[in-house]
Amino acid sequence: MSGAGRRRGMRGVVLAVLVWPLVHLVLVARYEVDPWELFGWAMYAQPAARVQVRVDVERDGVRSPLRAMGATRQAIRDYARRRTALGRLAPPDALAQSVLESRSEAEAVWIVLRRIELDRRTAHLVGVEREIRFGQR
Amino acid sequence: MSLPLFERVGGEPEDVARSKLRSLRRLLLLTMACEAWFVLSYAPYSRAPGGYGLLAAGITMCALLGWRDRFALPALAGAALLEFVLVGSAFPDNANHQFLALVLGLLLLLVRRDGDDFEPTDARTCLQATRWVILIGLAWAGVMKLVYGYWLGAEFLSFRVALDPDFAWIFSPLVPESEWQRLVGLENALGAGPFRADAPALVVLSNLTWVAELLLPVGLLFARTRRVAMIGALALLWAIQLGAGEVFFAGLMTGGLLLFAERDRLRPALAVIGLFYLAQLLADEWAGLGQAGGGG
Chain C
1 MSGAGRRRGM RGVVLAVLVW PLVHLVLVAR YEVDPWELFG WAMYAQPAAR
51 VQVRVDVERD GVRSPLRAMG ATRQAIRDYA RRRTALGRLA PPDALAQSVL
101 ESRSEAEAVW IVLRRIELDR RTAHLVGVER EIRFGQR
Chain D
138 MSLPLFERVG GEPEDVARSK LRSLRRLLLL TMACEAWFVL SYAPYSRAPG
188 GYGLLAAGIT MCALLGWRDR FALPALAGAA LLEFVLVGSA FPDNANHQFL
238 ALVLGLLLLL VRRDGDDFEP TDARTCLQAT RWVILIGLAW AGVMKLVYGY
288 WLGAEFLSFR VALDPDFAWI FSPLVPESEW QRLVGLENAL GAGPFRADAP
338 ALVVLSNLTW VAELLLPVGL LFARTRRVAM IGALALLWAI QLGAGEVFFA
388 GLMTGGLLLF AERDRLRPAL AVIGLFYLAQ LLADEWAGLG QAGGGG
């Protein structure tokens with residue numbers, strides 16, 4: 001690469017660093033990405049939110065919480081951490097499928113996501129809950 | 138970005154530019170090497186200690202080799218590649234200073250060699266680019282605090298006072314006793330609050346923080362105010378880090394800010410930064426031994 005090309009590359013890196021936080025703002029607003037993550041310079045801009053994940057299993061039309069042990073429990077914890085960081089960019093499909101495969105008697109699995117964050121208006125910790133049903137194929 | 142604007146972040150004689158870049162290279166290698174060992178204690182790295190240990194050893198070898206000008210380019214390239222593997226394999230469990238390190242590494246790798254040294258025209262551009270990265274980061278930090286709004290009524294600081302003892306002690310002089318007791322009595326649970334201190338001094342400090350993050354980059358752009366702005370930015374950075382404790386981020390930002398000085402002030406600072414890194418590693422090791430002993 002020529003000298004001029006390398007220097008253009010350096011200026012390009014600067015431009016990317018300048019523009020990326022705008023993209024980051026969109027990712028946070030639309031996809032609930034954690035402002036602390038992905039180099040958006042928004043660390044300390046907002047108290048860190050967290051996502052709690054619960055898995056319910058549906059059998060004979062009745063829904064009950066999954067008592068996860070071992071690898072499944074670790075998978076749920078890992079997913080909670082990933083969901084906290086990446087928001088809707090980390091869908092729970094793979095987690096749901098792995099639970100369905102390990103529990104063939106289940107009709108469906110419910111992934112319950114609760115995002116706990118500080119409400120800016122009231123300054124109280126609030127939770128926003130969302131649940132997604134995955135049926136047995 | 139037009140050329141005159143790009144060059145607004147200052148320039149220096151060729152020998153000073155090369156010295157600064159050498160110091161930046163050493164800081165980057167030192168940071169990547171120390172951090173690679175530090176993260177072994179934490180998930181997800183702690184789940185594969187063998188693999189990440191090898192990465193840490195590799196980055197350390199590169200750092201030792203790259204300290205010397207003769208092996209600088211291949212060592213830096215090797216360290217950057219291993220860092221990329223470390224960061225990518227742990228995604229999204231990353232620290233932002235890892236991304237900053239990769240950006241600075243990329244800038245350094247774009248500089249052509251002139252024998253064992255940096256080509257002067259590329260070196261000048263690289264320094265300006267690095268200074269812009271630091272300035273942009275500082276400015277965006279202020280913008281983000283304003284946009285998200287948790288610093289306007291000191292909600293962020295109140296939240297940290299309530300739930301983070303390491304952070305809280307710094308602000309105790311600014312919060313009335315009764316309000317302090319109320320805050321630290323709050324739990325990190327649904328419905329808890331309000332995490333908004335009735336403390337005018339805390340609110341003033343909170344707003345001064347994002348205002349400073351917006352004004353200091355402007356000061357860095359002008360020769361007359363650059364030195365004061367650099368010192369102000371360093372003071373702000375280390376004041377925040379007293380509570381935050383993000384040593385590696387502070388190290389890289391300190392190095393970047395020192396590049397705004399007329400001379401190579403980063404070179405003598407390397408030893409101090411290295412000692413902070415070592416202290417962090419030892420403190421972490423001590424804490425780990427303490428936990429192990431307590432559980433036994």
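Sequence lines, in order, name chains C and D. Per this note's numbering, the first sequence starts with residue 1, numbered consecutively. Per this note's numbering, the second sequence starts with residue 138, numbered consecutively. Glycine included, every Cβ here is placed at the ideal spot set by N, Cα and C. Note that this is a predicted model, so its numbers are computed, not measured.
Check	Outcome
Output the distance between the C-alpha atoms of D/Ala217 and D/Cys199, rounded to the nearest integer angstrom.	9 Å
In angstroms, rounded to a whole number, what distance separates the CA positions of D/Ala260 and D/Gln235?	23 Å
By DSSP, does D/Gly432 sit in helix, in strand, or in coil?	The pLDDT assigned to D/Gly432 is 39, lower than 50, so where the model puts this residue is not dependable; a value taken from the coordinates is nonetheless given after this. Of the three classes helix, strand and coil, the one that applies to D/Gly432 here is helix, per DSSP.
Starting from C/Asp93, follow the alpha helix (DSSP H) in both directions and report where the run begins and ends.	93 to 102
If I measure Cβ to Cβ from D/Leu351 and keep anything under 8 Å in the same chain, skipping five residues before and after, which residues do I get?	Ala276, Gly279, Val280, Leu283
Any beta carbon from chain D within less than 8 Å of C/Tyr44's own beta carbon?	yes
Starting from the beta carbon of C/Ala94, find every residue of chain D whose beta carbon is closer than 7 Å, and list them in chain order.	Correct list: empty, because the minimum Cβ distance to chain D is about 15 Å.
In terms of residue numbering, what span does the beta strand (DSSP E) encompassing C/Pro65 cover?	62 to 65
Cβ atoms of D/Gly388 and D/Ile368: under 8 Å apart, would you say?	no
Is D/Val146 helix, strand or coil when you go by DSSP?	helix
Which partner residues of C/Trp110 appear in the DSSP bridge assignment?	C/Asp56, C/Arg133
By a C-beta neighbour count over all protein chains shown, 10 Å radius and 16 as the cutoff for buried, is D/Glu144 buried or exposed?	exposed
Just the chain E side, please: which residues come within less than 7 Å of D/Thr262 by C-beta, in chain order?	Within the model displayed, chain E is absent; protein chains C and D are what it includes.
Cβ of D/Leu244 less than 8 Å from any chain C Cβ?	yes
Where in the stretch 215 to 292 of chain D do unbroken runs of the alpha helix (DSSP H), each at least 4 residues long, occur, reported from the N-terminal end onward?	233 to 246, 257 to 285
By the 10 Å Cβ neighbour count, where 16 or more other Cβ atoms means buried, how is D/Ala408 classified, buried or exposed?	exposed
Please confirm whether D/Thr391 has its beta-carbon closer than 8 Å to some beta-carbon of chain C.	no
Below 8 Å between beta carbons: does that hold for C/Ile116 and C/Gln52?	yes
Would you report the Cα separation of D/Val365 and C/Leu25, rounded to the nearest angstrom?	31 Å
Check whether the Cβ atoms of C/Ala68 and C/Ile76 sit closer than 8 Å, and answer yes or no.	yes
Determine the extent of the alpha helix (DSSP H) in which D/Phe304 is found, giving its start and end residues.	302 to 308
Use the C-beta contact count for C/Pro91: other C-beta atoms within 10 angstroms, 16 or more gives buried, fewer gives exposed.	exposed
Going by C-alpha to C-alpha distance, which of D/Asp230, D/Asp254, D/Trp269 sits closest to D/Leu241?	D/Trp269
Are the CB atoms of C/Ala49 and D/Tyr285 within a distance shorter than 8 Å?	no
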